[in-house]
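Each remark here refers to the structure printed beneath this line.
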Amino acid sequence: MSMEFHRDSFRGLTDLRTLDLGDNNIWILPSEIFCPLYNLKELNITLNRLQDISNLGFSDWGNGPTAPGKSCNTVLETLDMSFNEISALPDNGLSSLRALQRLLLQNNRISTVADRAFVGLSDLQMLNLSTNALTALPPEMFQSSRDIKQIYLNNNSLSVLAPGLLEGLDQLQILDLSYNELTSEWVNRDTFSGLVRLIVLNLSHNRITKIDALLFQDLNNLQFLSLEYNNVARIADGAFSYLKNLHSLSLAHNNIVEVDSNHFSNLYVLNQLFLDGNRITKVDLRSFENITKLHDLGLSGNQLSEVPEAIKTLRFLTALDLGMNRITKVTTNLFEGLDDLFGLRLVGNKIEKISKDTFAALPSLQILNLASNNIDQIDDGAFASNLQLRAIVLDGNKLVDLKGIFTKTQPLVWLNVSNNELLWFDYSHIPTNLEWLDMHENKIEKLEDTYGVKETCNVKMLDVSNNKIRNIDEFSFPSSIETVVLNNNNIEKINPGTFLQKYNLNKVMLYSNKIKTLDVGAFAISFVPEDRDLPEFYISENPFECDCTMEWLQRINQLSELRQRPRVMDLENVRCSLTHSRSSSDVLLLEVKSFEFLCEYESHCFTLCHCCDFDACDCKMTCPDKCSCYHDLTWSSNVVDCSSGGYDHVPDQIPMDATEIYLDGNDLKELGNHVFIGKKRLQVLYLNNSNINLIQNKTFNGIESLRVLHLENNKLEVLRNTQFTKLQNLNELYLQDNNIRFIENDTFNYLPSLEYLSLDNNGYVEYMPWRVITDNNPRTRVSVEGNNWICDCKDVAQLNQWLIKKSKDTDNMMCFFAHGQPMNKTIATVSKECKAETTTEETGTETQKRLFIESNDSVENYIPYIVAGLITVTVLLLMCAFLFMFRDDFKLWMHSKYGIRVFSSASKDVNDNKNKRFAAFFMYNPQDEGVMRVVSSELEQLGHTLCLQHRDLQLIERRSSDNLVSAAESSKRLIIVLSTSFLEQEWDMPASKAAVQCAINSVNVRHRRQKIIFLVTTDLSAISIDPDLKVLLKTCTVILWGEKYCLEKLNFWLPDVDVTLPNRTIHNANNIKTGNREGFGRHVNLRYTAPPTSHDSWYKYGMDRQMSIMSSPMHSTSASAEVSARSTEDETCSVASSEGRPDDRLPHHHSYVSIDNHPCEERPLRPAQQIAMSNTRPTNSPRQCARAANPLRNYKSSLDAG
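The opening position of the sequence shown corresponds to residue 1 in the UniProt record's numbering, with each subsequent residue numbered one higher.
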């Protein structure tokens, strides 16, 4: 919902000084709505949908100097219109804002700035036009704003800077031109002339190839200069010599090969120099002699084979980065003179050995990063002379042992030796002051304390994940420990008391180990006071076995109320296998019932027995042979499992206190009387699949507690009403898949607790169900599916009614005997026949006899016709079967040959599809352009109007969720090209995935099979696909690229081309390639466009994500955290018919001739141009696809054109 205003909404608020209308989804504002706000100082209309500033009342130009317009908001000082959809800044659009000091227009779609766009802004101090679609700027742009101090033009597509653009801006202090496409041809000695007060200049992420000697000649006060991420390969001697006040210089990520002695002359106050990411192989010995006050030097990511000797002159250097080079050796003399060096980074080189006192010449060294080298030897006491060393990073090397290396490095508090080849560890190997120790991804099997020094250690964080540790106990960790990371080891046992007396413990990671059982004391902790949080344990992804000793784990978070147990944070994800289960799959721990925590036993005694030296029915209970017996912790559950034991009789020595007995899968045949006598606690009995054919009347005597009885899949034929009379508590009775033909009346009426009875699939039955069980108990559910019934007319009506009452479909239930003879009819059919037969009998026997004779005569007369009809039907059925088998190929052939659709209605328009402009909107990754050229060329030749994401949307719009939704809603079909590139760069990126899902969600779920098509270009079986995409592939249409009739299928699923529409344009790929201009007008508006540059973050110096010690303070003042893409294929030509005389209607804007003289691409006319021109046929422009669903935009375009 958008917010709307009346022209007089702010009438009477004359004293209002600040107005915030941000983030209100405002599309349009009435003309001069802000004029009544005479004293307004600050206006915020950011995060809306405004497209045009002409009607906001900020212009007093009117019809020119002779007839000026109304002046409004003349005292406004701050105007924020960022994050809207403004596309152009017209002449004199802000002319009445004479007091304006801050103008914020970033994150719009501005592609054009008129020559007089900022006329009247004489007090302007700050202008932000970053993250727009600018390709060029008029030279008179700042003619009225000579006192401006800050200009932000970053993240556009500027490829030229018009001569004189910055001329006369002698008050300018900050200029940001980063993330554009500027080259050395346009960044020259005249570009920055006269900017004598400039302090910050950002030229990063452009295409500059050289630095000329006079490029910065007037920038005497410049302090921060960034030229990173360009293509600089040549620096003239003394190029920076005029920058005597320069504090920070970044030349990172260029193509510099050699650092010459004259490159940095006269930079006496330079504090930071970044040369990372170049191709430097040599640094001249005198390169740094003029920058001796340098504190921070970055040379990482080059091709240096040794530490440059030139650094010895940098006496004040505090941070040195030589990482990611080719250095093989470091010695003491290389660092002589660097007495103030605080941090040294040598990560990613080829160093193999660290000798004793290698870094002895660095007395102030506190942080040393030697990660990702080939170090396999470090001499004892190698760091002993570095008395201030506090952090060492050695991960990714080849160390086998730590003994003697760090014991004398007492100041050390942070040590990372992960991803080495350590075979063992002892607490005597580390200094006593160490607090942070990372040893993950090694081969350590045990944490040892040979000399009993563990308690003198001060280790607070210990990471030994991804090792080979098998068990842990109370000697594994010092009492100072706070965080222990033990995941992905081989831990099988945690001894009781392991975590006792660890008073500072707050987190333990134990997931992904091999723990099967846990003693109740394994997680015991010392009492935790109320003012401290309980420790957090993580134990999921272990192969737990839920036996009778593990029930406490299910309740551990309730036990934590005593403050002597931790909180298991992932308890809801813990799975375990049951000791006795009918399925082999694991279950969630929290879903296991208390009686399912079982342990196996051989024999046991009742609690009342004091001596069990012999077998007796009332004392010692022995598990039968070939059986397994289980009990829970309190013996309230006693399971005897004799399944598939090969028994031909019920075992004699089944424990008397058994609660569940499993005898399925045996060969029992006959169940005698009293075979279960005395099993008073028996509740579940499985006798299925045991070939039972006879049950005696007293078989189930003595088991009155039985609740569930399984007798399915046996050979029972007859049930007597005396067999189940003693089972007063039976809830479930399973008798399906037997041969039960006869059941005596009232057989199940003696089961008052029965809730479910299954009599399915018993073949031919002769009983009537309402006679064997009454409807007195409404809770009882009876299932009689899959049986064949005797359907005599005297009972069939009642049988039909009884089955319907039980929610059975009698149209699918069969009779095998009816009307005194065998037949195969449904119960419903026989019931109707019996009802009709009863009516017929009332007419008399003579009438029946006459009808019977006449019926026989008529049948004989029609025999030839019947035979001919049967033959015809058979032929038709064969033809239909043939067409059905090859229906896919047939329907494609009919559609491609004759345009006729058979067997499908998928192409019919749904809801309002007929009013939609495009046949299909294609979403794809730019790397799939090859596929899209083939598909679009083929389909557009067939007459389909297509909207392609990376051809027809502006670059800044291509991944915007709003524009993707608008394009999808403007199209009858949404086609997604599903490739490996799309999955990696679109679907796996949260922001891009969200935009794609928004477009998909714009299609009604009921219509997705018809309206969403996935064109799959990769083998999905070899890729792990997330659940969301799997669901979409199941609910939408999928076409495989390269399969037979691929393009025909795609054309088939698209809506049919409406050949009746007038003036239809059929796109031809050949015309587009040749760039033929025939038929177009003379008016052309050229703009500069170029491919986008990369957008990495500002240079940041640091060891790793856990410890970043050296970073550049030079950050772009207004650069976004994530840099938006810029338009690279915006409309390069706007063309009009000569008959429309566009010169009289369209406003003229300043334009320049393109450097590379790229030919303009043919584009269909914009809506505004079409309305303005007479005798011009309307066309569907691909550039309109992202805006077609927006009626306000179309209406606005019409007004602009008029």
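Ideal Cβ placement from N, Cα and C applies to all residues, glycine included.
Given the structure is predicted, the values throughout are model-derived calculations rather than measurements.
Local conformation of residue i per DSSP, three classes
i       : result
Met461  : strand
Met621  : strand
Leu304  : coil
Pro778  : coil
Glu744  : coil
His631  : strand
Gly763  : strand
Trp1041 : coil
Thr455  : Per the sequence shown, residue 455 should be read as Glu rather than Thr. Note: Glu455 maps to helix in three-state DSSP.
Arg1008 : helix
Asp615  : Bear in mind that a pLDDT of 43 at Asp615, under 50, signals an unreliable position, so the model cannot answer this.
Ser937  : helix
Ile148  : coil
Val867  : helix
Gly298  : strand
Val160  : coil
His604  : strand
Ser637  : coil
Ser418  : coil
His944  : coil
Ala1069 : Note that Ala1069 scores a pLDDT of 35, beneath 50, so its modelled location is shaky and nothing firm can be said.
Val986  : Before going on, a small fix: residue 986 reads as Glu here, not Val. The answer is helix: DSSP assigns Glu986 an H, G or I state.
His440  : coil
Lys282  : strand
His710  : strand
Residues near residue i in its chain [Cβ-Cβ closer than 6 Å; skip 5 each side]
i      : result
Asp80  : Asn44, Thr46, Leu104
Asp395 : Ala371, Asn416, Ser418, Asn419
Val202 : For the record, residue 202 in the displayed sequence is Asn; it is not Val. Excluding positions up to five away in sequence, the list reads Asp176, Ser178, Ser226, Ser1116.
Lys493 : Asn471
Asn513 : Asn489, Ile491, Asn542
Residues sharing a beta bridge with residue i, DSSP
i      : result
Ser248 : Phe224, Gln272
Pro822 : Phe817
Asp811 : None, per the DSSP bridge assignment.
Lys507 : Thr483, Glu536
Lys293 : Paired residues: none, contrary to the question.
Asp115 : In the DSSP output, where bridge partners are listed per residue, Asp115 has none listed.
Ala391 : Ile367, Trp414
8 Å CB neighbourhood of residue i in its chain, flanking five on each side removed
i       : result
Ile291  : Phe264, Leu267, Tyr268, Leu270, Leu273, Leu314
Gly12   : Pro36
Cys1046 : Ile1039, Leu1040
Lys443  : Glu421, Leu422, Leu423, Asn467, Lys468
Beta-carbon contacts of residue i that lie in its chain and below 7 Å, excluding the five residues immediately before and after
i      : result
Val307 : Leu322, Ile327, Val330, Leu334
Pro496 : Asp519, Gly521, Ala522, Ala524
Leu590 : Gln554, Leu571, Glu572
Chain D contact for residue i (CB, 7 Å cutoff)
i     : result
Asp52 : This model lacks chain D altogether; it includes just one protein chain.
- Item | Segments assigned beta strand (DSSP E), at least 3 residues, entirely inside the region 25-75 | 42-44
- Message: So, does the region 727-734 touch the region 700-713, judging by three or more C-beta pairs under 8 Å?
- Response: yes
- Query: Any contact of the region 938-953 with the region 1016-1028, i.e. 3+ C-beta pairs under 8 Å?
  - Reply: no
- Cβ pair count under 8 Å reaching 3, the region 666-675 against the region 618-635: no
- State whether the region 142-150 contacts the region 163-173, with contact taken as three or more CB pairs (one from each stretch) at a distance under 8 Å. yes
- Which ranges does the alpha helix (DSSP H) cover as unbroken runs of at least 4 residues, wholly within the region 313-377, from first to last along the chain? none
- Task: Would you check if there are 3 or more beta carbon pairs closer than 8 Å linking the region 736-748 to the region 770-790?
- Result: yes
- Tell me, please, whether the region 13-21 touches the region 51-60 by the rule of three or more beta-carbon pairs shorter than 8 Å. no
- Query: Are the region 483-497 and the region 460-467 touching by the rule of at least three beta carbon pairs closer than 8 Å?
  - Reply: yes
- Message: Quick check: the region 356-364 against the region 404-411, are at least 3 beta-carbon pairs closer than 8 Å?
- Response: no
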